[in-house]
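Going down the list, the sequences are from chains A and B. If you count the first sequence from 1, position 40 lands on 40 in the working numbering, and the numbers rise without skipping. Heads up: take any position in the second sequence, counting from 1, add 1000, and you land on the working numbering. Just so you know, even glycine gets a beta-carbon here, dropped at the ideal spot from N, CA and C.
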Amino acid sequence: MRKILLKVHSLWFVVLGIIVCLCIPLTGCYDAREVDELGYVMAIGLDKGEPGYVKMTLQLAIPKNIAGGGGEKSSGGNDTSLTATVETHSIPVGLNVINTFLSRQLSLSDAKVIVFSEELAKKSLEPYLHSIARNKDFRPNMYVVVSRTSAEEYIKSVAPKLETNPSKYYELNFNSFKYNGFTPGTTTHDFYFDIESLDKQAIAILASINKFSSDKEINLEASTYKEKNKPYPFMGDFKAGDLPRDSDAKTEIMGSAVFYGAKMVGELDGAQTAYYLMTTGKYNYANWSFTDPKHPDMFFSLNIKQSRKPEIQVELVDGKPIINLKINLEADILSIQSGENYEIPERIGEIESCAAGALNKELMLTLDKCAKQFHSDIFGFGKKAKYLVWTWDQWEKMNWQYIFRYSQFNTEVSLKIRRPGLIIRTVPSSSSDQSKKGSQ
Amino acid sequence: MKNTIVIGEKEATWFIINMICAKIVLNAIHILEDSAGSAGWILSIYLVILAVIGFYIVLKLFKIFPGKDIIDIGTEIGNSFGRIVMGLIFILSQLFVIVLYFRGFLEHSKIVSLNVSPISFIATFFILCMITACFFGLESIVRLHYLWIPIIFTILIVILLLTLPQCQFLSLFPLFGLGTDKIFINGALKLSIYQEVIFLFLLPPFLVSFDKFKSVGYKAIAFSGFLYTISVLFFGLLFPYPSATEAMFPIFDTARILSLGRLFQRLESFFSIIWIMTAIFFLSSSMYFIIYAFTKTFKLPYIKPLIIPTAILILNLTLLPSSVFISAKIVTDYYYSYSWIPTFALPFILLTICIIFRKGGKQNA
């Protein structure tokens, strides 16, 4: 009896083994997609096309040229990517069309960025966003970019010099907001939900091709410093494409595209984008310059971090929002051009209050610009306003998207300088004015 | 049929937990979010309380008939007629559920990973696993649950916790979501998410003692409630209402947004493994108990000859809905609205009959 039972059990294990072994080859029959048979899309660009059409540009990796890892040149010295553009009704159909002239089946699973032209964004992105959300191949952490030039031009101009892999270039470049604060770092996940949300509006990364082809052409005309009533521009007072620079890298990202619903309604420059990051608590750290309080022609620089999440209170008075915002920052000294000894405890407050005052003034301007000019709550104050109601019906009746334009802001920036770097006291050079005064 | 198998308390608990929670990977979270808006988590807590109250009534019935399952209780109350009625209620309700969820799991596989494979081809692999599990029998099924389900749900909880940095706690407001009436009145129908407690009604002969039965029920409901609540809470924190209601497979979407640095992305692959295991355990157990209830209802001596015909019947019924929209509509309109009735209302009716007509061994004694 025991032998019979053992035989039955052994038989079962054999049957089970056969089934398991069969599973391995059979599951691959229909859905098999070999890695070397796929064309990996790294960037997708969408421009306005002929009526009813959209112009889609894809940037694809050339894996054999990327092999060899990082470095300024690819292993073969050839291009590491190719681009293809088609006119299509929709993204999925466009992919099919591109496969009529490219050998490999396209895969979007490694796409890092989707670029919309400003023209298309101003019309509305809604027709394309649902397609992105529906398709599992689009990753939710893909960056959303609005290009001030056409998306096609932007993608074709991307020529990474420090990376052989354009995919890595996109990832590192669009992540730079974590240490410069000039772009919002928006991903498709955030963007899609903000487009549909009643408590926050969407914002996208602003990109462009730099307008200066040589250092002789560089000028500051396109800077936003004049509209902010500043005597001269700081580095954040520019939008993508306008940066005063000359480099082999033609493309740049700076500032953000502001949306109301699915339509783009305006732009913020790099500094204003940093205020957006501070207000939403996404700001990490960045270097800032300020005019020296004692020497108006000189600057001091700080590395500013956000020490705590912003404190936001929203209340409604006569149906109008009163928004109280407190931003807590801390900073390290990077440079003091004037040589003033601000590091001593009695004087550190001078540059602290100078920096905090300058930041607070520009923060107010940014908030007012978004509320009064764009009517767009990109900061998500509406999320706090939801505290004021108990149910969704009450929230819809409040009509936050409409009343936000009448908001009154009370802002406070608190900045504390913590560390002076490797120098704890500034001793002026022997030829400087201060040194001479000291010797007299 | 005399039972020679005795199931441990832990095995039974994890078995019931999986039966209740397997549908988390499908649309249960979506249903809670859709019913209560940003207050989906409050609805989930409310449903746990309702399930506990419902199970308290169930316990009152089973205390009168210690060691007897729901079909035996039917026999005690209404002889052969009672037995057949009870058996058919269980078989038909669970056939309805297994068919809907089998289709749900198949559509999930097709949408998420096997886009090109025909649905019948994918179904073959599921059905082979279900047949094999049924041949191995109840003991193997519950032991596998004890072995794997704690690991599976631990992975699920870890996946949820890893999304914590991306959670936005302000998404929980307005606190009462779509309104207190939607949560506490309309939402009560969603007690159906605990309908799988009905499988526990067939376990008393295998559990032997009433205390074990009681303990298994309360523990399974409590842990399932915890899983539902944290799943709907995290989903609500990651996907704000009303966009959250668009999601076809909320937990899959939650796993998709998870990334740990540049190296560890696409962690939904782990999720795919765990949900397939959960699905196969759920489907195998459901099919086994449908066959078991059938043999017990019609006093048939053997289970094994019924396995393949039942599998073919389930497979055919599963492929009947012409599209995922139809099966999803049936799940939303019927399953989540009425499937609590056999689990919680039926024992209440039986208890009332017992009290009125003074039926039942212990009560009579």
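Taking all protein chains shown into account, do 16 or more other C-beta atoms lie within 10 angstroms of the C-beta of HIS1030/B, making it buried, or fewer, making it exposed? Taking the first residue of the second sequence as 1, we reach residue 1030/B at position 30. Buried, by the Cβ-count rule.
For ASN360/A, which residues from the same chain have a beta carbon less than 8 Å from its beta carbon, with the 5 sequence-adjacent residues on both sides left out? As a working mapping, residue 360/A is identified with position 360 in the first sequence. In its chain, beyond the 5 residues on either side, THR411, GLU412 and VAL413 have a beta carbon closer than 8 Å to the beta carbon of ASN360/A.
Considering only the alpha carbon of each residue, which of VAL1048/B, LEU1114/B, TYR1056/B and SER1035/B lies closest to TYR1336/B? On the second sequence, residue 1336/B is found 336 positions in, with the first residue counted as 1. Nearest C-alpha to TYR1336/B among VAL1048/B, LEU1114/B, TYR1056/B and SER1035/B: SER1035/B.
Beta bridge counterpart(s) of ASN303/A as assigned by DSSP: Residue numbering aside, residue 303/A sits at position 303 when the first sequence is read from its first letter. Paired residue(s): ASN287/A and ASP332/A.
PHE13/A to MET1130/B span [Cα, whole Å]: Indexing the first sequence from 1 puts residue 13/A at position 13. Indexing the second sequence from 1 puts residue 1130/B at position 130. For PHE13/A and MET1130/B, the distance between alpha carbons rounds to 16 Å.
For the alpha helix (DSSP H) that LYS178/A lies in, which residues bound it at each end? Position 178 of the first sequence, counted from the first residue, corresponds to residue 178/A. Start and end: 177–180.
Do three or more CB pairs link the region 1330–1347 of chain B to the region 1053–1062 of chain B at distances below 8 Å? As far as the Cβ criterion goes, the region 1330–1347 of chain B touches the region 1053–1062 of chain B, which means the pair count is three or higher.
Name the residue from TRP390/A, GLU50/A, VAL427/A and ARG405/A whose alpha carbon lies nearest to the alpha carbon of LYS372/A. Taking the first sequence and counting its residues from 1, the one referred to as residue 372/A is at position 372. Ranking TRP390/A, GLU50/A, VAL427/A and ARG405/A by Cα distance to LYS372/A puts ARG405/A first.
List, in chain order, every chain B residue whose beta-carbon is nearer than 8 Å to that of ASN141/A. Within the first sequence, the letter at position 141 stands for residue 141/A. The contacting residues are ILE1257, SER1259 and GLN1265.
Would you list, in sequence order, the uninterrupted alpha helix (DSSP H) runs of no fewer than 4 residues that lie entirely inside the region 27–104 of chain A? 63–66 and 91–98
Mind checking who SER256/A pairs with in its DSSP beta bridge? As a position in the first sequence, residue 256/A is number 256, starting the count at 1. Answer is ILE205/A and LEU268/A, bridged to SER256/A.
How about THR1343/B: is its C-beta nearer than 8 Å to some C-beta of chain A? For the purposes of this step, residue 1343/B is taken as the residue at position 343 of the second sequence. Answer no: the Cβ-Cβ gap between THR1343/B and chain A never drops below 8 Å.
Note down, in chain order, all residues in the region 368–401 of chain A with a beta-carbon under 8 Å from any beta-carbon belonging to chain B. GLY380, LYS383, LYS384, LYS386, TYR387, VAL389, TRP390, THR391, TRP392, ASP393, GLN394 and TRP395
Between the region 27–45 of chain A and chain B, which residues of the former have CB atoms less than 7 Å from a CB of the latter, in chain order? TYR30 and ASP31
Please report the straight-line C-alpha distance between PHE1184/B and GLN59/A, rounded to a whole angstrom. Along the second sequence, read from residue 1 onward, the residue named residue 1184/B stands at position 184. Along the first sequence, read from residue 1 onward, the residue named residue 59/A stands at position 59. Their Cα atoms are separated by approximately 52 Å.
DSSP on ASN360/A, reduced to helix/strand/coil? By one-based count along the first sequence, residue 360/A stands at place 360. Helix.
Report the neighbours of LEU16/A on chain B: residues whose CB is nearer than 7 Å to its CB, in chain order. Against the first sequence, residue 16/A aligns to sequence position 16. Under the 7 Å cutoff, chain B gives THR1132.
Alpha-carbon spacing of ASP1253/B relative to LEU1170/B, whole angstroms: Residue 1253/B sits at position 253 when you count from the first residue of the second sequence. Residue 1170/B sits at position 170 when you count from the first residue of the second sequence. Distance between the alpha carbons of ASP1253/B and LEU1170/B is about 20 Å.
Is the Cβ of ALA136/A closer than 8 Å to any Cβ of chain B? Position 136 of the first sequence, counting from 1, holds the residue named residue 136/A. Looking at the sequence itself, residue 136/A is Lys, so the reference to Ala does not match. Closer than 8 Å to some Cβ of chain B, the Cβ of LYS136/A qualifies, so yes.
Could you pull the DSSP bridge partners for TYR143/A from this structure? Residue 143/A sits at position 143 when you count from the first residue of the first sequence. TYR143/A is bridged to VAL113/A and THR187/A.
Is the shortest distance between the beta-carbon of GLU196/A and the beta-carbons of chain B less than 8 Å? Position 196 of the first sequence, counted from the start, is the residue given in the question as residue 196/A. Yes, its Cβ sits closer than 8 Å to a Cβ of chain B.
Kindly indicate which residue of ILE1071/B, ILE1005/B and GLY1225/B has the alpha-carbon position closest to the one of GLN1195/B. Indexing the second sequence from 1 puts residue 1195/B at position 195. For GLN1195/B, the nearest C-alpha among the options comes from GLY1225/B.
Contacts around SER338/A, its chain only, beta-carbon distance under 7 Å, and the 5 residues preceding and following it disregarded: Here residue 338/A refers to the residue found at position 338 of the first sequence. Cβ within range, chain order: ASP292, LYS294, HIS295 and MET298.
Looking only at its own chain, which residues have a Cβ that is under 7 Å from the Cβ of LEU125/A, when we skip the five neighbours before and after it? Within the first sequence, numbered from 1, the residue matching residue 125/A stands at position 125. Counting only Cβ-Cβ distances below 7 Å, and skipping sequence neighbours, we find PHE116 and ALA262.
Is the distance from the Cβ of LEU1106/B to the Cβ of ILE1098/B below 8 Å? Your numbering for residue 1106/B matches position 106 in the second sequence. Your numbering for residue 1098/B matches position 98 in the second sequence. The answer is no: Cβ separation not under 8 Å.
Rounded to whole angstroms, what's the CA-CA distance from PRO428/A to SER335/A? Just pull it up for me. Start at 1 with the first residue of the first sequence, and residue 428/A comes out as number 428. Start at 1 with the first residue of the first sequence, and residue 335/A comes out as number 335. Their backbone Cα atoms lie some 13 Å apart in a straight line.
Beta-carbon proximity of ILE91/A to MET42/A, cut-off 8 Å: Counted from its first residue, the first sequence places residue 91/A at position 91. Counted from its first residue, the first sequence places residue 42/A at position 42. Their beta carbons are not under 8 Å apart, which means ILE91/A does not touch MET42/A by this criterion.
Are the Cβ atoms of ILE253/A and ALA271/A separated by less than 8 Å? Here the question's residue 253/A lines up with position 253 in the first sequence. Here the question's residue 271/A lines up with position 271 in the first sequence. The beta carbons of ILE253/A and ALA271/A sit no closer together than 8 Å.
Quick one: which chain B residues come within Cβ less than 9 Å of GLU171/A? Reading the first sequence from its first residue, position 171 is the one you call residue 171/A. Here the neighbours are ARG1262.
Selected residue, minimal CA-CA separation from PHE1065/B, among PRO1165/B, PRO1205/B, ILE1122/B and ALA1051/B: Stepping through the second sequence from its first residue, residue 1065/B is reached at position 65. Closest option to PHE1065/B, Cα to Cα, is PRO1205/B.
Chain A within 8 Å of VAL1025/B, Cβ atoms only: Within the second sequence, the letter at position 25 stands for residue 1025/B. With 8 Å as the cut-off, VAL1025/B does not count as an interface residue toward chain A.
What first and last residue would you give for the alpha helix (DSSP H) that runs through PHE1234/B? Here the question's residue 1234/B lines up with position 234 in the second sequence. Taken as a continuous stretch (DSSP letters only), the alpha helix (DSSP H) holding PHE1234/B covers 1210–1238.
Which one of HIS375/A, ASP368/A and LYS156/A has the shortest CA to CA distance from ASN399/A? Here the question's residue 399/A lines up with position 399 in the first sequence. For the residues HIS375/A, ASP368/A and LYS156/A, the minimum Cα distance to ASN399/A belongs to HIS375/A.
Taking CB distances under 8 Å as the criterion, tell me whether GLY1179/B reaches chain A. By one-based count along the second sequence, residue 1179/B stands at place 179. Chain A contact via Cβ: present.
With burial defined as no fewer than 16 other Cβ atoms inside 10 Å of the residue's Cβ, what is the status of LEU220/A: buried or exposed? The residue you call residue 220/A lines up with position 220 of the first sequence. Classification for LEU220/A: exposed.
Using a Cβ cut-off of 9 Å, pull out every chain A residue sitting near LEU1106/B, in sequence order please. Counting from 1 along the second sequence, the entry for residue 1106/B is found at position 106. The premise fails here: LEU1106/B is roughly 14 Å from chain A at the closest Cβ pair, so nothing lies under 9 Å.
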